[in-house]
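J.: Using my numbering, the letters of the sequence shown correspond one by one to residues 29 to 173.
Got a structure for you, written out below as structure tokens; questions coming shortly.
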Amino acid sequence: MRVSSSAFENEGNIPSEFTCDGQDLSPPLDIIDVPKEAKTLSIIMDDPDAPMRTFTHWVVWNIPTSKTQFTKGEKIDFAQGNTSFGTTEYGGPCPPSGTHRYFFKIYALDVKLDLKYGSGVKELQKVMSGHILAETVLMGKYSRR
């Protein structure tokens, strides 16, 4: 399984329109080679370079495996969890200083998750444990000018 974006290359710079300095839109994503036995997909976007702890920017689960493309700024109709911003929607890169790395992690799962809307990333990771068939990562960088 692989994930890519037409907006930036893996390990490349994330354009400002997908950050707090721009329109704060979620980037387009393409997921390919999802395992046939997978039942759902999940997304976790985080920043391990945040000063205090890993900062969670986006948490989505129970995405049907037929949903392998996300358009720029697409409205998400699937279950979303609380981010470190305290919201249940995409929050783009907004580093306080320096260049940070942002990881878009995609998980193919063998189950539909029983997890309430607004749960946190730790709860998602706990219920995904033992159900991950495949995972892939797209990493982008951003620094404020």
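Cβ atoms here follow ideal geometry from the backbone N, Cα and C, with glycine treated the same way.
Where does residue 109 land, buried or exposed, given buried means 16+ other C-beta within 10 angstroms?
T.: Translated into positions along the sequence shown, residue 109 becomes position 81. Answer is buried; the Cβ neighbour count reaches 16.
J.: Ordered along the chain, which non-local residues of its own chain (more than five positions away) have a Cβ less than 7 Å from that of residue 65?
T.: Translated into positions along the sequence shown, residue 65 becomes position 37. Closer than 7 Å at the Cβ level, and outside the excluded window around residue 65, lie 138 and 161.
J.: Identify which residue in 99, 46 and 169 has its Cα closest to the Cα of residue 59.
T.: The residue labelled residue 59 in the question sits at position 31 within the sequence shown. Of the listed residues, the one whose Cα sits closest to residue 59 is 99.
J.: Pick from 149, 71, 156 and 158: whose alpha carbon is nearest that of residue 83?
T.: Here residue 83 corresponds to residue number 55 of the sequence shown, with the count starting at 1. Closest by alpha carbon: 149.
J.: Based on the DSSP secondary-structure assignment, which residues constitute the bridge partners of residue 87?
T.: Taking the sequence shown and counting its residues from 1, one reaches residue 87 at position 59. Paired residues: 72.
J.: Smallest Cα separation from residue 101: which of 111, 113, 120 and 95?
T.: Counting from one through the sequence shown, the residue named residue 101 turns up at place 73. Residue 101 has its Cα closest to that of 120, out of 111, 113, 120 and 95.
J.: Considering residue 150, what are the terminal residues of the alpha helix (DSSP H) in which it resides?
T.: Translated into the one-based positions of the sequence shown, residue 150 becomes position 122. Counting along the chain, the alpha helix (DSSP H) containing residue 150 begins and ends at 149-156.
J.: What residues in its chain sit with their C-beta under 6 Å from that of residue 140, if we drop five residues either side in the sequence?
T.: Along the sequence shown, one-based indexing puts residue 140 at 112. So the qualifying residues of the chain are 67, 68 and 90.
J.: When you compare only the Cα positions, how much space is there between residue 80 and residue 31?
T.: As a position in the sequence shown, residue 80 is number 52, starting the count at 1. As a position in the sequence shown, residue 31 is number 3, starting the count at 1. Taking the straight line from one Cα to the other gives about 28 Å.
J.: Report, in whole angstroms, the separation of the C-beta atoms of residue 172 and residue 123, which I expect to be a contact under 8 Å.
T.: If you number the sequence shown from 1, residue 172 lands on position 144. If you number the sequence shown from 1, residue 123 lands on position 95. With a Cβ gap of about 6 Å, residue 172 and residue 123 count as contacting.
J.: I'd like to know whether the C-beta of residue 160 is nearer than 8 Å to at least one C-beta of chain D.
T.: Among the protein chains of the structure shown there is no chain D, as only one such chain exists.
J.: If you check the beta carbons only, do residue 133 and residue 71 fall under 8 Å apart?
T.: Position 105 of the sequence shown holds residue 133. Position 43 of the sequence shown holds residue 71. For residue 133 and residue 71, yes; Cβs fall inside 8 Å.
J.: Using DSSP's beta-bridge definition, name the partner residues of residue 171.
T.: What you label residue 171 is simply residue 143 of the sequence shown in a count that begins at 1. In the DSSP output, where bridge partners are listed per residue, residue 171 has 127.
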